[in-house]
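Per full-length UniProt numbering, the sequence shown starts with residue 1, numbered consecutively. Cβ atoms here follow ideal geometry from the backbone N, Cα and C, with glycine treated the same way. What you are looking at is a predicted structure, and each value in this text was computed from that prediction instead of being measured. Have a look at the structure below, then the notes.
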Amino acid sequence: MNAEKLAKLQAAAAANRIGGKGSVRRKVVPRSGPKIAGGDDKKLAAGLKKLNVQPIAPIEEVNMFLADGNVLHFTAPKVHGAHSSNTFAVYGAGHVKDLTELVPGILNQLGPDSLARFSLRRLAESYQSMQARAQAAGQAGAPGDDDDEVPDLIGAESFEVQEGDKPAAEATEATEPAAKATEPAAEATPEATKANDVD
1 MNAEKLAKLQ AAAAANRIGG KGSVRRKVVP RSGPKIAGGD DKKLAAGLKK LNVQPIAPIE
61 EVNMFLADGN VLHFTAPKVH GAHSSNTFAV YGAGHVKDLT ELVPGILNQL GPDSLARFSL
121 RRLAESYQSM QARAQAAGQA GAPGDDDDEV PDLIGAESFE VQEGDKPAAE ATEATEPAAK
181 ATEPAAEATP EATKANDVD
C-alpha cells in the first residue's frame, strides 16, 4: 500500500473514533430549552414541609405594604403557616395597587408607623374625591333611573280572558260533570275479580 494513502486513512479514522485510548473527550452541551420553574417550587415545598407548615383557614385578602407606598394585594389567596418558626407562605396572583385604591377597607390594617409613612392627609383627600365622584355619578343617573319600579305596558292589550270570550268547550265541560256523577257505576263481574286475585 501507498504510505500517503495509509496516513490519510489513519487520520480520518482518528477523527471518527468515538471511544478508547487516545480519543478526544466530548463536552455535553446543555440544551437551550425553556427552563422549568417547577424546580424552584419543588425546593420551596420541600423546605416548607421540613418546617411543618399547616394550611390556615380561608383568608379573604392579604396586603403587603411596599417601601414605595404601593400595596401588593392578594385576593383570596391560599396561606400556609408554621407558627413555631414564624413562617408564612402566600400562594396566589398578587397585584400592585396604589394605596388610595384600597382606602376604605385598608385603614384598619394600617398601623401608626404606616400612617406616618403614608401621608394621612393624602389618603383622606383621595377618599373624599372618590366619594364625591360616586355621589356625582349617583345624582346624574338618579332622575332617569326607574329600575326599581314595574315598567309600564306598551300598548292597550290585556292578557286577561273576559267572561264573554270563553270558548264554548269550556262552558259545556262546566255542566257535564254533574250529569256524569248521576250515572250508575258499572259493577265488577266475578271473572274480572278472579283475574286480579293473586295466589
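Of the residues 76, 67, 94, 132, the one whose Cα lies closest to the Cα of residue 59 is 76. A distance below 8 Å separates the beta carbons of residue 72 and residue 94. Taking 8 Å as the cut-off, the Cβ atoms of residue 53 and residue 87 count as close. Spanning the alpha carbons of residue 112 and residue 46 requires a straight line of approximately 37 Å. When beta bridges are read from the DSSP output, residue 13 appears opposite no residue. In this structure, residue 80 sits away from residue 44, with a CB-CB distance that is not shorter than 8 Å. For residue 78, the closest alpha carbon among the candidates 66, 84, 91, 70 is that of 91. Residue 66 and residue 57 have their alpha carbons spaced roughly 25 Å apart.
The three-state reading of DSSP puts residue 97 in strand, counting E and B together. Annotation: the continuous alpha helix (DSSP H) that includes residue 105 extends over 103 to 106.
Residue 28 and residue 14 have their C-alpha atoms roughly 20 Å apart.
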